[in-house]
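J.: Have a look at this one.
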Amino acid sequence: MMVILFLVLFFGLLAAGMPIFLVLGLCAAILYIASGEPLIGVAQVIIDHLNSPTLMSLPLFVMAATFMRHGGVAKALVDLSAAWLGGIRGSLGLVTVVACTLFAAISGSSVATALAMGTILLPAMIEKGYPRSFALGVVGASGTIGIVIPPSLALILYGIVAEQSVPRLFLAGVLPGLLQAAVFFAWVWYDARRRKFPVEPTLPIAERFRVTARAIPALIVPAIVLVGIYGGVVTVTEAAAIAAVVSLLVSLIYYQGFHWSETLWVVADALKSAGAIMLIVATALAFGHWMTASGVPAELVKWVLAQHMAPWQFLLAINVLLLVLGCFLEVIATLLLVLPILAPVLPALGVDPVHFSIIFTHNMEIALVHPPVGLNLFVLSTISHAPIGEVVRGVLPFLLLLLTVLMIITYVPALTMWLPHLVYGN
Numbered sequence: 038m039m040v041i042l043f044l045v046l047f048f049g050l051l052a053a054g055m056p057i058f059l060v061l062g063l064c065a066a067i068l069y070i071a072s073g074e075p076l077i078g079v080a081q082v083i084i085d086h087l088n089s090p091t092l093m094s095l096p097l098f099v100m101a102a103t104f105m106r107h108g109g110v111a112k113a114l115v116d117l118s119a120a121w122l123g124g125i126r127g128s129l130g131l132v133t134v135v136a137c138t139l140f141a142a143i144s145g146s147s148v149a150t151a152l153a154m155g156t157i158l159l160p161a162m163i164e165k166g167y168p169r170s171f172a173l174g175v176v177g178a179s180g181t182i183g184i185v186i187p188p189s190l191a192l193i194l195y196g197i198v199a200e201q202s203v204p205r206l207f208l209a210g211v212l213p214g215l216l217q218a219a220v221f222f223a224w225v226w227y228d229a230r231r232r233k234f235p236v237e238p239t240l241p242i243a244e245r246f247r248v249t250a251r252a253i254p255a256l257i258v259p260a261i262v263l264v265g266i267y268g269g270v271v272t273v274t275e276a277a278a279i280a281a282v283v284s285l286l287v288s289l290i291y292y293q294g295f296h297w298s299e300t301l302w303v304v305a306d307a308l309k310s311a312g313a314i315m316l317i318v319a320t321a322l323a324f325g326h327w328m329t330a331s332g333v334p335a336e337l338v339k340w341v342l343a344q345h346m347a348p349w350q351f352l353l354a355i356n357v358l359l360l361v362l363g364c365f366l367e368v369i370a371t372l373l374l375v376l377p378i379l380a381p382v383l384p385a386l387g388v389d390p391v392h393f394s395i396i397f398t399h400n401m402e403i404a405l406v407h408p409p410v411g412l413n414l415f416v417l418s419t420i421s422h423a424p425i426g427e428v429v430r431g432v433l434p435f436l437l438l439l440l441t442v443l444m445i446i447t448y449v450p451a452l453t454m455w456l457p458h459l460v461y462g463n
């Protein structure tokens, strides 16, 4: 009965156009009241959950991404990719895939990647004669790589909610993220030859190395994060703090993307983004606590086991469920809403939570580029002044590729688990 009440409240408030944090917060409050629990307990639950060292890394990584987005780092990465891909047909499309992958390894955010790269590469591709729908599609789809390539904000949240090691999750995302980039690269190369897209000039070797040297400071950030964490020198939170400081210095002093007098404005922009995420996290954690206390996950475990589902059948059903939810909810809300229910089911079915983290986040990647709520679609529509329908048409081939990669990730667990097992053992 309580679950039905929640569903009615949730979708009713969502349909009314309320922000997702208010929807989750009101639902949690009403469910607590209906269960006879005092609301002061909700406040204590939120404070207890937010008092997490790992969760502190999230706003710091958001801040690093914002510094990089405003600081000229995106252009340096685009120039680096263009320097080594000139002379290949459709090279600007290939540059987009590579540059988005590199920026994703710095920002950890798909929307930030699509926004930063779209601002630079969309006008460039359109000016060179690329169809606008293709340009929108390749930027929007390549931007989704940010959600799985470490440091991924979604994987940090997954680790907190599912109580998994964040460094292990980061390692699990490396090969699937590179596979996705490789698939996109191959498709753009094929499509460019088929449709005879323009060829960019080849730079002299001395110029290539000059551009590469200029891009090295941008690449220091992911190196610091990964070497620091896996070398045992710093925790995830300390790595996030160092990444934020280095990003600020690189953007302000080396690339000079903004003047020092604008620093406060850039910090405010970062805090605004981080605050929005933390509000959703806080309200979703309150709901998750009620859900766990209600016994719904335990009943779900019993029901799933009673169906005698094989792991492959369970994973297929979950993929379908997540794809449907992705039509209506944004990434963080879906993760925080669904994961507390699903996490207890995984061990009973023999599904590794680390493997499932990449299945989950890849589903969220797809949600970013399929209507009606795909955030990357709206970002690109806004910066290009193109109608949503045109953006969707451009993304469609990449959406099919994303679904293919999802099946590979789901049913070839070695792709996800090889690196974590190599570094940490079984």
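Residues in the sequence shown are numbered from 38 upward in steps of one, following the numbering used here. Glycine included, C-beta positions come from ideal geometry on N, C-alpha and C. What you are looking at is a predicted structure, and each value in this text was computed from that prediction instead of being measured.
Let me know if Ile182 comes out buried or exposed under the rule of 16 or more other beta-carbons within 10 Å of its beta-carbon.
T.: The residue in question, Ile182, is buried, as its Cβ has 16 or more Cβ neighbours within 10 Å.
J.: Would DSSP call Val406 helix, strand or coil?
T.: Reduced to three states, the DSSP call for Val406 is coil.
J.: Whole angstroms are fine: how far does the CA of Gln344 sit from the CA of Ile279?
T.: So the two alpha carbons sit approximately 48 Å from each other.
J.: Determine the contact status of Ala142 and Pro213, defining contact as a CB-CB distance below 9 Å.
T.: In this structure, Pro213 does not lie closer than 9 Å to Ala142 by Cβ.
J.: State the CB to CB distance for the pair Ser154 and Gly180, rounded to an integer number of angstroms; the pair is presumed to be in contact (CB under 8 Å).
T.: For the sequence presented, residue 154 should be read as Met rather than Ser. Contact flag correct, Cβ pair sits at about 6 Å.
J.: When burial is assigned at 16 or more other CB atoms within 10 Å of the CB, is His407 buried or exposed?
T.: Buried, by the Cβ-count rule.
J.: For the alpha helix (DSSP H) containing Ile355, list its first residue and its last residue.
T.: 348-362 is the extent of the alpha helix (DSSP H) around Ile355.
J.: To which residues of the same chain is Pro241 closer than 7 Å at the C-beta, ignoring the five residues directly before and after it?
T.: Same-chain partners within the cutoff: there are none.
J.: One question on the structure: do Tyr448 and Arg205 come within less than 9 Å of each other, judged by their Cβ atoms?
T.: For Tyr448 and Arg205, no; Cβs fall outside 9 Å.
J.: Quick check on DSSP: helix, strand or coil for Val236?
T.: Reduced to three states, the DSSP call for Val236 is strand.
J.: Within the chosen definition, does the region 385-399 reach the region 344-354 through at least 3 CB pairs nearer than 8 Å?
T.: Contact holds: three or more Cβ-Cβ distances are below 8 Å.
J.: Take the Cβ of Ile197 as the centre, count every other Cβ of all protein chains shown within 10 Å, and call the residue buried at 16 or more, exposed below.
T.: The residue in question, Ile197, is buried, as its Cβ has 16 or more Cβ neighbours within 10 Å.
J.: Using CA coordinates, which residue listed in Leu285, Ser310, Lys309 is at the minimum distance from Ser298?
T.: Closest by alpha carbon: Leu285.
J.: Does the distance from the C-beta atom of Gly123 to that of Ala172 stay below 9 Å?
T.: The answer is no: Cβ separation not under 9 Å.
J.: How should Pro259 be labelled, buried or exposed, when 16 other C-beta atoms within 10 angstroms of its C-beta is the threshold for buried?
T.: Buried: at least 16 other Cβ atoms inside 10 Å.
J.: Would a C-beta distance cut-off of 9 Å place Gly431 and Ile403 closer than the cut-off?
T.: The answer is no: Cβ separation not under 9 Å.
J.: Hey, Ile186 and Met401: beta-carbon distance below 9 Å or not?
T.: No.
J.: First and last residue of the alpha helix (DSSP H) that includes Tyr461?
T.: Residues 450-461.
J.: Using a Cβ-Cβ cut-off of 8 Å (strictly less than) and excluding sequence neighbours within five positions of Arg230, which residues of its own chain qualify?
T.: Taken in chain order, the residues that qualify are Arg126, Gly127.
J.: Go ahead and label Ala21 buried or exposed: buried means 16 or more other beta carbons lie within 10 angstroms of its beta carbon, across all protein chains shown.
T.: Lying before the first or after the last residue shown, residue 21 is absent from the chain, which here runs from 38 to 463.
J.: The alpha helix (DSSP H) with Trp121 in it runs from where to where?
T.: That run of the alpha helix (DSSP H) goes 110-122.
J.: Is it buried or exposed for Val287, if we count other Cβ within 10 angstroms and need 16 for buried?
T.: So Val287 ends up on the buried side.
J.: I need the boundaries of the alpha helix (DSSP H) containing His107, first residue and last residue.
T.: 94-107 is the span of the alpha helix (DSSP H), which, as asked, contains His107.
J.: Counting Cβ pairs, one atom from each stretch, are 3 or more of them under 8 Å apart for the region 100-116 and the region 307-326?
T.: In short, these stretches touch, since the Cβ pair count reaches three.
J.: I'd like the list of long-range same chain contacts for Leu92, defined as Cβ closer than 6 Å, with 5 residues on each side in sequence excluded.
T.: Excluding sequence neighbours, Leu92 sits near Ile197.
J.: Return the first residue and the last residue of the alpha helix (DSSP H) that Thr133 is part of.
T.: Unbroken alpha helix (DSSP H) run through Thr133: 128-144.
J.: Measuring CA to CA, which of Trp224, Val318, Ala276, Val303 is closest to Leu438?
T.: Among Trp224, Val318, Ala276, Val303, the Cα nearest to that of Leu438 is on Trp224.
J.: For Ile355, which option in Pro424, Leu436, Ser421, Met444 has the closest C-alpha, if you only look at C-alpha atoms?
T.: Comparing Cα positions, the closest option is Met444.
J.: Our contact map puts Ile446 next to Ile395 with C-beta atoms below 8 Å; I'd like the distance itself, whole angstroms only.
T.: The pair is a contact, with the Cβ atoms about 6 Å apart (cut-off 8 Å).
J.: Under a Cβ-count criterion, where at least 16 other Cβ atoms within 10 Å of its own Cβ denotes burial, should Tyr195 be classed as buried or exposed?
T.: Tyr195 comes out buried.
J.: Keeping to the same chain, check which residues put their C-beta closer than 6 Å to that of Ser170; ignore five residues upstream and five downstream.
T.: Within the same chain, Ser170 has close Cβ partners Glu427, Arg430, Gly431.
J.: Which value, in whole angstroms, describes the spacing of the CA atoms of Val176 and Leu440?
T.: Cα to Cα, the separation comes out at about 17 Å.
J.: Look up Thr2 in the DSSP assignment and say whether it is helix, strand or coil.
T.: Residue 2 is absent from the structure shown; the chain starts at 38 and stops at 463.
J.: Put Phe207 into one of helix, strand or coil per three-state DSSP.
T.: It is helical.
J.: Is the Cβ-Cβ distance between Tyr267 and Leu208 less than 9 Å?
T.: Yes; because the gap between Cβ atoms is below 9 Å, this pair is in contact.
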